Amino acid sequence: MITIYGRANSSNVQLVMWAVGELGLAHERLDYGYGHASTRSPEYLAMNPMGLVPVLRDGDVLMFESAAILRYLGARYGDADFWPPDPAVRGPIDTWAEWGKTTFAPAVGGIFFGTVRTPKQRQDPEQIASAGKALATVARILSERLETLAYVGGDRFSFADIAVGHQMHRYFTLDWDRPDLPALSAYYARLQERPAYRKHAMVSYEALRGID
Ligand SMILES: N[C@@H](CCC(=O)N[C@@H](CS)C(=O)NCC(=O)O)C(=O)O
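So that you can map any letter, position 211 of the sequence shown is 512 in the numbering used here, and since no number is skipped, the others follow by simple counting.
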């Protein structure tokens with residue numbers, strides 16, 4: 302039985318939970334982090350010295366860092382579509398997984414922090430506009446790729462779609478000057494056909510409003 306420590310409205314927890322759901326793994330999720338059990342206790346810090354969610358325990362395997370957890374789950378439990386065994390096939394797909402976590406997610410984060418986490422009276426229209434410009438730039442890059450591919454790695458759903466797509470609900474529901482990118486909208490619709498996506502990655506962030 303896999304245990305995931307982390308609140309459901311954390312995007313990094315959503316990334317891990319969506320993977321667990323896609324892979325059909327028996328699991329329990331325990332509510333830790335903002336508004337829930339403390340991640341500052343000695344017991345929690347012994348699992349993750351950063352005091353952040355998520356943490357995953359799978360038997361003797363204990364991990365933090367959601368992207369590392371995603372790759373661990375893919376390598377251990379994924380089929381050849383989800384986690385291609387050939388490094389020459391997986392490498393280029395992993396490029397997009399890395400891009401999702403290190404480029405796309407922080408760009409969505411700029412809007413998320415500017416318009417949701419920052420209390421209304423302290424929101425900065427200039428910061429939001431500049432974050433919007435940065436997000437639109439990377440969204441266009443992704444959308445261009447998705448004009449010819451159904452999924453970020455090619456014609457099959459893979460771990461890279463989780464690394465990129467776990468931010469798509471926020472991308473499409475946050476209040477910002479979103480560019481009209483039909484290929485990206487079609488991708489979001491495609492993700493919503495997946496039960497594990499709907500269950501784990503389309504989670505309300507209302508409880509996080511104004512708590513920066
Ligand atoms: N690089 C880490 C970042 C983890 C992270 O920043 N987690 C946030 C939630 S998304 C957190 O723990 N926030 C504090 C809290 O919930 O108490 C990862 O990908 O797992």
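All C-beta atoms in this analysis are idealised placements derived from N, C-alpha and C, irrespective of residue type, glycine included. Keep in mind it's a predicted model, so treat the numbers as computed, not measured.
Identify whether residue i lies in helix, strand or coil by the three-state DSSP scheme.
i	result
residue 413	helix
residue 460	helix
residue 507	helix
residue 304	strand
residue 352	coil
residue 338	strand
residue 473	helix
residue 362	strand
residue 329	strand
residue 379	coil
Near residue i, what residues of its chain come up, given a Cβ to Cβ distance below 7 Å and the 5 sequence neighbours on each side ignored?
i	result
residue 505	310
residue 473	489
residue 411	432, 435, 436
Excluding sequence positions up to five away, which residues of its chain have a Cβ less than 8 Å from the Cβ of residue i?
i	result
residue 531	This structure cannot speak to residue 531, because the chain is shown only from 302 to 513.
residue 386	none
residue 418	509, 510, 511, 512, 513
residue 455	394
Using the Cβ count rule (16 or more neighbours within 10 Å means buried), how would you classify residue i?
i	result
residue 340	buried
residue 423	exposed
residue 303	buried
residue 320	buried
residue 323	buried
residue 498	buried
residue 369	exposed
residue 521	The structure shown does not extend to residue 521, since the chain is modelled only from 302 to 513, so the question has no answer here.
residue 371	buried
I'd like the list of long-range same chain contacts for residue i, defined as Cβ closer than 6 Å, with 5 residues on each side in sequence excluded.
i	result
residue 327	302
Original post:
Should the stretch 404 to 411 be regarded as contacting the stretch 356 to 364, the criterion being three or more beta carbon pairs within less than 8 Å?
Top reply: The stretch 404 to 411 and the stretch 356 to 364 do not touch, with fewer than 3 CB-CB distances between them shorter than 8 Å.
Original post:
Quick check: the stretch 430 to 438 against the stretch 382 to 401, are there 3 or more CB pairs under 8 Å?
Top reply: Because the criterion of three Cβ pairs below 8 Å is not met, the stretch 430 to 438 and the stretch 382 to 401 do not touch.
Original post:
How do the stretch 315 to 323 and the stretch 453 to 473 stand: do at least 3 beta-carbon pairs fall below 8 Å, yes or no?
Top reply: As far as the Cβ criterion goes, the stretch 315 to 323 touches the stretch 453 to 473, which means the pair count is three or higher.
Original post:
Are there three or more Cβ pairs, one per stretch, closer than 8 Å when the stretch 455 to 463 is compared with the stretch 375 to 394?
Top reply: Pairwise C-beta distances place the stretch 455 to 463 in contact with the stretch 375 to 394, as three or more of them are shorter than 8 Å.
Original post:
Taking one C-beta from the stretch 439 to 446 and one from the stretch 473 to 490 each time, how about it: are there three or more such pairs within less than 8 Å?
Top reply: A contact exists between the stretch 439 to 446 and the stretch 473 to 490.
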